[in-house]
DNA sequence: GCCAAACTTTGACCCAGATCAAGACGGCCC
DNA sequence: GGGCCGTCTTGATCTGGGTCAAAGTTTGGC
């Protein structure tokens, strides 16, 4: 999730990203044919829970459109988002019976799913599926570890800038820059969701976004529509290495 | 790394854990034979760097004995440990040319390595190697995400208790409980390394360890030798679900 | 068009953990 | 044994971000 490698998928190649991501690393059509039989789509409304942590999970799949989050919750209610699923990201763990996290749709969401048992059987028969999944999982691991640095060592302002950078990068591959060269995107998360991702409170998120706006690092139209006039400036604020760390 | 699945490897089965972890999920000896040819051992002294982030990495391998850490560092020197490698843990990413993190030996360290290119070739030919690596990587991803909750939402005291729990669990599979039922182990990390793992300062680590000692949650002999009289008490202090979260 | 609910901003105050500073406790080399 | 260096502890103080509170804004239902 959330890295350059994900961005490299050609978006005009098919309507179903999972073909490229998980199944069809080399677009071999005979394997696709077999998988078509076990494939189905699921739709969720904004706010709906896809699956609860600990529940039996009999499918794997990937996001077609919309956004979902992975969160962990302590008994006293403290929550930490541990993943953000954007279109083409994969959910589910071959070999695991139960979900490890709550998966929640934060916008209307369409997922392309495969029943788990046949998918695993398919994986056993076609080696490069496992290899592609391994590659994807390593990407996710890199992203998770990158995020550990954000959570453990960055200031609130740096955390916000880091999150905005990631969303900007991710969106930049789909949306165009506007005529002035600024990067423009809509925040897909509420302030509270951002706080849960960043290990902050929603008040601090709000304050730091206001501060970045006052300092000209970003500008806002409404609450969610963000313009980044100078991407390098934002990266500097995030405290990232100039090469973008894991994204290099 | 750092989870129950790792613990399930029978320790008396061979002197080289990688056979079980990465290569020989089902102990098929013909595959082992071929890998023997590309296998070699490397030794490091405490404090030595195994590889720097960004450097070319032409091997994969696993820890035979000793402890290594994975760390990320910002330009201003802030560092975050993103992984702790104990015996049998795997290092390296098939398909990646360069190391993503600094890998440092914190104790004297022996690693069992495979040259990367032939290992990858082997992986292509024997599908269950990729499947085993996928399983291991998913374990690491779970551990990383579990740690995101620790970094983002837990208090200093809970962080220390979480780290001690993980080390205790991990060691408990190797070391015996003593006659009274207490769990006993040596801390493999300095206070500073613990701080880097937990996103704290070394002073806070020291203070919280003292506090846990005063409150009878642990007792210390010297600086490093820890006794946990009541494991459940420690887990409660860590704020973990009673089922142990990801370890369940 | 109005109301209610959800989301967001801003202010005032507080506290957990950082920072700064000073010793204490080993080991290890001479 | 003595001195030195790395590690650890403890104290005093400071501060970034949390908490509590209130009010502003947007959205959707009727």
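Residue numbers (the UniProt record's numbering), protein chains in the order written: chain A, 1 to 248; chain B, 1 to 248.
Here a beta-carbon is modelled for each residue, glycine too, at the ideal position from N, C-alpha and C.
Flag residue i as yes if its beta-carbon sits less than 9 Å from any beta-carbon of chain B, otherwise no.
| i | result |
| --- | --- |
| residue 93 of chain A | yes |
| residue 55 of chain A | no |
| residue 199 of chain A | yes |
| residue 83 of chain A | yes |
| residue 194 of chain A | no |
| residue 79 of chain A | yes |
| residue 121 of chain A | no |
| residue 144 of chain A | yes |
| residue 190 of chain A | no |
| residue 87 of chain A | no |
| residue 163 of chain A | no |
| residue 127 of chain A | yes |
| residue 137 of chain A | yes |
| residue 133 of chain A | yes |
Can you check whether the CB of residue j is closer than 9 Å to the CB of residue i?
| i | j | result |
| --- | --- | --- |
| residue 141 of chain A | residue 141 of chain B | yes |
| residue 79 of chain A | residue 153 of chain B | yes |
| residue 105 of chain A | residue 45 of chain A | yes |
| residue 211 of chain B | residue 145 of chain B | no |
| residue 113 of chain A | residue 197 of chain A | no |
| residue 91 of chain B | residue 60 of chain B | yes |
| residue 134 of chain B | residue 83 of chain A | no |
| residue 75 of chain A | residue 239 of chain B | yes |
| residue 249 of chain B | residue 102 of chain B | Residue 249 of chain B cannot be examined here, being either before or after the span of chain B that is shown, 1 to 248. |
| residue 58 of chain B | residue 117 of chain B | yes |
| residue 127 of chain A | residue 124 of chain B | yes |
| residue 81 of chain B | residue 168 of chain B | no |
| residue 205 of chain A | residue 166 of chain A | no |
| residue 208 of chain B | residue 148 of chain A | no |
Residue i bridges to which residues according to DSSP?
| i | result |
| --- | --- |
| residue 225 of chain B | B:186, B:221 |
| residue 41 of chain A | A:112 |
| residue 59 of chain A | A:115 |
| residue 84 of chain A | A:69 |
| residue 290 of chain A | With chain A covering 1 to 248 only, the question about residue 290 of chain A has no answer from this structure. |
| residue 91 of chain A | A:61 |
The alpha helix (DSSP H) spanning residue i covers which residue range?
| i | result |
| --- | --- |
| residue 137 of chain B | 127–153 |
| residue 231 of chain B | 231–238 |
| residue 211 of chain A | 202–214 |
| residue 192 of chain A | 191–198 |
Compare the C-beta of residue i against all C-beta atoms of chain A and say whether one is closer than 9 Å.
| i | result |
| --- | --- |
| residue 100 of chain B | yes |
| residue 116 of chain B | no |
| residue 154 of chain B | yes |
| residue 76 of chain B | yes |
| residue 239 of chain B | yes |
| residue 234 of chain B | no |
| residue 208 of chain B | no |
| residue 42 of chain B | no |
| residue 140 of chain B | yes |
| residue 130 of chain B | yes |
Which same chain residues end up closer than 6 Å to residue i when comparing Cβ atoms and leaving out the 5 residues on each side of it in sequence?
| i | result |
| --- | --- |
| residue 43 of chain A | 110 |
| residue 16 of chain B | Note on residue 16 of chain B: pLDDT 43, under 50, position unreliable in the model; no value is reported. |
| residue 186 of chain B | 224, 225 |
| residue 52 of chain B | 102 |
Please list, in chain order, all residues of the same chain as residue i whose beta carbon is under 7 Å from its beta carbon, the five residues on each side excluded.
| i | result |
| --- | --- |
| residue 192 of chain A | 202 |
| residue 163 of chain B | 194, 197, 198 |
| residue 38 of chain B | 114, 115, 118, 119 |
| residue 182 of chain A | 227, 228, 229 |
Among the residues of its own chain, which have a CB less than 8 Å from the CB of residue i, if the five just before and after it don't count?
| i | result |
| --- | --- |
| residue 219 of chain A | 213, 226, 227, 229 |
| residue 48 of chain B | 104, 105, 109 |
| residue 138 of chain B | none |
| residue 221 of chain A | 227 |
What are the start and end residues of the beta strand (DSSP E) that includes residue i?
| i | result |
| --- | --- |
| residue 100 of chain B | It is not in any beta strand (DSSP E) - residue 100 of chain B carries neither H nor E in the DSSP assignment. |
| residue 49 of chain A | 49–51 |
Taking 8 Å as the cut-off, does the CB of residue i come closer than this to any heavy atom belonging to the ligand COA?
| i | result |
| --- | --- |
| residue 122 of chain B | Only the bare structure without any ligand can be found here, which leaves the ligand COA out of the picture. |
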